[in-house]
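Protein chains in written order, with the numbering used here: chain R, 0 to 165; chain D, 750 to 928. Glycine residues also receive a C-beta, built at the ideal position from the N, C-alpha and C atoms. Report on the following structure.
Below, the structure written as structure tokens:
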């Protein structure tokens, strides 16, 4: 089967989410690189301001270690966001174009757009990184459902494409 | 299968844009393969070049101290090559996707051309900064090499991509509101 002629595009809302994710990913990468000392200072200040939440003991050595770990986690969160926003933006763009071009049923197409777009927001959700309870909350309520939406959308697209080929 | 008379078709960006994007991906692939195939040779070259400039790298002639400094520089040298590989592959795809959106959505000819030019040059140029960084580490040291790559490549090309992407995002939002 050869695709020829014009290829249909997904709705503008889906394209907007994909391009926004790419733009956010690029900007986060630049911020990470240019403002590294400022980010570290800000994270350190926030950790110190919320000493109780981070389990500070009053011992400088122990507290410094806890602070360093929290700063590292904050930086890793930004780094994950940069990588995931770029990747998921591209996945959303190409998968939704594939859905627009190959899925003939309107409702199925709309469902796939919805799942893929929710999955696209996964990139933004990755920014929600905290330690322990924060990570658990982010995983349970944000990362897992949006990740599942992306996977469900892609599997749905795969099934529809396979069915069309048969 | 022919998708005929589609109400909302994609418009393909100019051919030179696609050529640049594919070239970026090809360079990334070659870079990745070269990194794996010539790892030993590349490391040896970088190490010899650093040993030839002890003052630049702060080598003091004490083996234990110098080896730690050399190891750190070699890790960064290798990281630069890896980051070039990853970014050139990714940005090639980003160029294809984003210029397709610009070609389809931007109605005004000048805006469309400027956005496409910024996305293409920025996207293809930015990853080269990692190669520049790696190549300069042996001669200029970690920090100076980073500063040169930053001002020569990362800031101008990265800014071009970021400006174009937010411009495109704004255009898309306006198109949605205007409908």
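Exercise. Return the chain-ordered list of same chain residues with a C-beta closer than 7 Å to the C-beta of residue 799/D, the five sequence neighbours on each side being excluded.
Key: In the second chain, residue 799/D corresponds to position 50, counting from 1. Around residue 799/D: 806, 819, 822 and 887.
Quiz item: So with Cβ pairs under 9 Å, would you call residue 8/R a contact of chain D?
Solution: Here residue 8/R corresponds to residue number 9 of the first chain, with the count starting at 1. Yes - at least one Cβ of chain D is within 9 Å of the one on residue 8/R.
Quiz item: Going along chain R in order, which residues have a C-beta closer than 9 Å to the C-beta of residue 850/D?
Solution: Position 101 of the second chain, counted from the first residue, corresponds to residue 850/D. Neighbours of residue 850/D on chain R, chain order: 8, 14, 17, 18 and 92.
Self-check item: Interface residues of the segment 33 to 62 of chain R facing chain C [CB-CB below 7 Å]
Solution: The structure shown has no chain C; the protein chains it does contain are R and D.
Practice problem: Kindly say whether residue 85/R, judged by its beta-carbon, lies nearer than 9 Å to any beta-carbon of chain D. | Solution: To locate residue 85/R, count along the first chain from 1; it is residue 86. Chain D contact via Cβ: present.
Exercise. State yes or no: is the beta carbon of residue 160/R nearer than 9 Å to at least one beta carbon in chain D?
Key: Indexing the first chain from 1 puts residue 160/R at position 161. So, not an interface residue.
Self-check item: Coarse secondary structure for residue 36/R, derived from DSSP in three states
Solution: Position 37 of the first chain, counting from 1, holds the residue named residue 36/R. Under the three-state reduction of DSSP, residue 36/R is assigned to helix.
Exercise. Could you check which residue in 829/D, 921/D and 858/D has the C-alpha nearest to that of residue 878/D?
Key: As a position in the second chain, residue 878/D is number 129, starting the count at 1. Comparing Cα-Cα distances from residue 878/D to each of 829/D, 921/D and 858/D, the minimum goes to 829/D.
Practice problem: Assuming residue 21/R contacts residue 847/D (C-beta within less than 8 Å), just tell me the rounded distance between them. | Solution: By 1-based counting over the first chain, the position of residue 21/R is 22. By 1-based counting over the second chain, the position of residue 847/D is 98. The C-beta separation of residue 21/R from residue 847/D comes to about 7 Å, placing the pair in contact by the 8 Å criterion.
Quiz item: From residue 38/R to residue 814/D, what distance separates their C-alpha atoms?
Solution: As a first step, residue 38/R is located in the first chain; it is residue number 39 there, counting from the start. As a first step, residue 814/D is located in the second chain; it is residue number 65 there, counting from the start. Taking the straight line joining both Cα atoms gives about 31 Å.
Quiz item: By Cβ distance, which residues of its chain are closer than 8 Å to residue 917/D, with the 5 residues on each side in sequence left out?
Solution: Counting from one through the second chain, the residue named residue 917/D turns up at place 168. For residue 917/D, where only same-chain residues beyond five positions count, the Cβ hits under 8 Å are 847, 850, 851, 854, 855, 864 and 868.
Practice problem: Report the three-state DSSP secondary structure of residue 803/D (helix, strand or coil). | Solution: Residue 803/D sits at position 54 when you count from the first residue of the second chain. Reduced to three states, the DSSP call for residue 803/D is helix.
Quiz item: Do residue 844/D and residue 873/D come within 9 Å of each other at the CB atom, strictly closer than that value?
Solution: The residue you call residue 873/D lines up with position 124 of the second chain. The residue you call residue 844/D lines up with position 95 of the second chain. It is a contact, given that the beta carbons lie within the stated cut-off.
Quiz item: Any idea what DSSP makes of residue 831/D, helix, strand or coil?
Solution: What you label residue 831/D is simply residue 82 of the second chain in a count that begins at 1. Note: residue 831/D maps to helix in three-state DSSP.
Quiz item: Which residues of chain R have a Cβ atom closer than 9 Å to the Cβ of residue 924/D, listed in chain order?
Solution: Taking the second chain and counting its residues from 1, the one referred to as residue 924/D is at position 175. 11 and 15, listed in chain order.
Exercise. Give me the Cβ distance between residue 198/R and residue 758/D, rounded to the nearest whole Å; I'm assuming they're in contact under 8 Å.
Key: Residue coverage of chain R in this structure runs from 0 to 165, which leaves residue 198/R outside it and unanswerable.
Quiz item: Would you call residue 44/R buried or exposed, if buried means 16 or more other Cβ atoms sit within 10 Å of its Cβ?
Solution: Looking up residue 44/R in the first chain gives position 45. Burial call: exposed.
Quiz item: Shorter than 9 Å from the beta carbon of residue 883/D to some beta carbon of chain R?
Solution: What you label residue 883/D is simply residue 134 of the second chain in a count that begins at 1. Taking Cβ atoms only, chain R never reaches closer than 9 Å to residue 883/D, which makes this a no.
Quiz item: Any idea if residue 810/D is buried or exposed, counting beta-carbon neighbours within 10 angstroms, 16 or more meaning buried?
Solution: Within the second chain, residue 810/D is the residue found at index 61, counting from 1. Residue 810/D is exposed by the Cβ-count criterion.
Quiz item: On the three-state DSSP scale, how would you describe residue 905/D?
Solution: Within the second chain, numbered from 1, the residue matching residue 905/D stands at position 156. Residue 905/D sits in a helix when the DSSP states are folded into three classes.
Quiz prompt | Contact set between the segment 826 to 841 of chain D and chain R, restricted to residues whose Cβ is under 8 Å from the partner | solution = 839
Self-check item: 9 Å Cβ cutoff, residue 64/R in contact with chain D
Solution: Locating residue 64/R in the first chain gives position 65, counting from the first residue. No, because no Cβ of chain D sits closer than 9 Å to the Cβ of residue 64/R.
Practice problem: Report yes if the C-beta distance between residue 42/R and residue 70/R is below 9 Å; otherwise report no. | Solution: Locating residue 42/R in the first chain gives position 43, counting from the first residue. Locating residue 70/R in the first chain gives position 71, counting from the first residue. A contact, by the Cβ cut-off of 9 Å.
Quiz prompt | Secondary structure of residue 760/D, DSSP reduced to three states | solution = Residue numbering aside, residue 760/D sits at position 11 when the second chain is read from its first letter. Looking at residue 760/D - three-state DSSP - the assignment turns out to be coil, as it is neither helix nor strand.
Exercise. For residue 118/R, decide whether its Cβ has a neighbour in chain D, counting only Cβ atoms nearer than 9 Å.
Key: Translated into the one-based positions of the first chain, residue 118/R becomes position 119. For residue 118/R, the answer is no, since every Cβ of chain D falls outside 9 Å of its Cβ.
Quiz item: Can you tell which of 115/R, 78/R and 76/R has the C-alpha that lies nearest to the C-alpha of residue 96/R?
Solution: Looking up residue 96/R in the first chain gives position 97. Comparing Cα positions, the closest option is 115/R.
Quiz item: Cα separation between residue 760/D and residue 861/D?
Solution: Translated into positions along the second chain, residue 760/D becomes position 11. Translated into positions along the second chain, residue 861/D becomes position 112. If I take the Cα positions, the gap works out to 12 Å.
Practice problem: Let me know if residue 58/R comes out buried or exposed under the rule of 16 or more other beta-carbons within 10 Å of its beta-carbon. | Solution: Here the question's residue 58/R lines up with position 59 in the first chain. Residue 58/R should be labelled exposed.
Quiz item: Using a beta-carbon distance below 9 Å, is residue 758/D in contact with chain R?
Solution: Within the second chain, the letter at position 9 stands for residue 758/D. Yes, its Cβ sits closer than 9 Å to a Cβ of chain R.
Quiz item: Can you tell me the Cα-Cα spacing of residue 901/D and residue 79/R, whole angstroms?
Solution: Counted from its first residue, the second chain places residue 901/D at position 152. Counted from its first residue, the first chain places residue 79/R at position 80. Rounded to whole angstroms, residue 901/D to residue 79/R spans 26 Å at the Cα level.
Quiz item: Exposed or buried, which one is residue 68/R when buried takes at least 16 other CB atoms within 10 Å?
Solution: Residue 68/R sits at position 69 when you count from the first residue of the first chain. Residue 68/R is exposed by the Cβ-count criterion.
Practice problem: For residue 918/D, go through chain R and note every residue whose CB falls closer than 8 Å to its CB, in chain order. | Solution: Mapped onto the second chain, residue 918/D falls at position 169. In chain order: 15, 18, 19 and 22.
Quiz item: Nearest-angstrom Cα distance between residue 110/R and residue 9/R?
Solution: Indexing the first chain from 1 puts residue 110/R at position 111. Indexing the first chain from 1 puts residue 9/R at position 10. Looking at the two C-alpha atoms, the distance is approximately 12 Å.
Self-check item: Start-to-end residues for the alpha helix (DSSP H) that takes in residue 58/R
Solution: To locate residue 58/R, count along the first chain from 1; it is residue 59. Segment: none, residue 58/R is in no alpha helix (DSSP H) and carries neither H nor E.
Practice problem: For residue 65/R, collect the residues of the same chain with a Cβ closer than 6 Å to its Cβ; drop the 5 residues on either side in sequence, then sort them by chain order. | Solution: Here the question's residue 65/R lines up with position 66 in the first chain. Around residue 65/R: 53.
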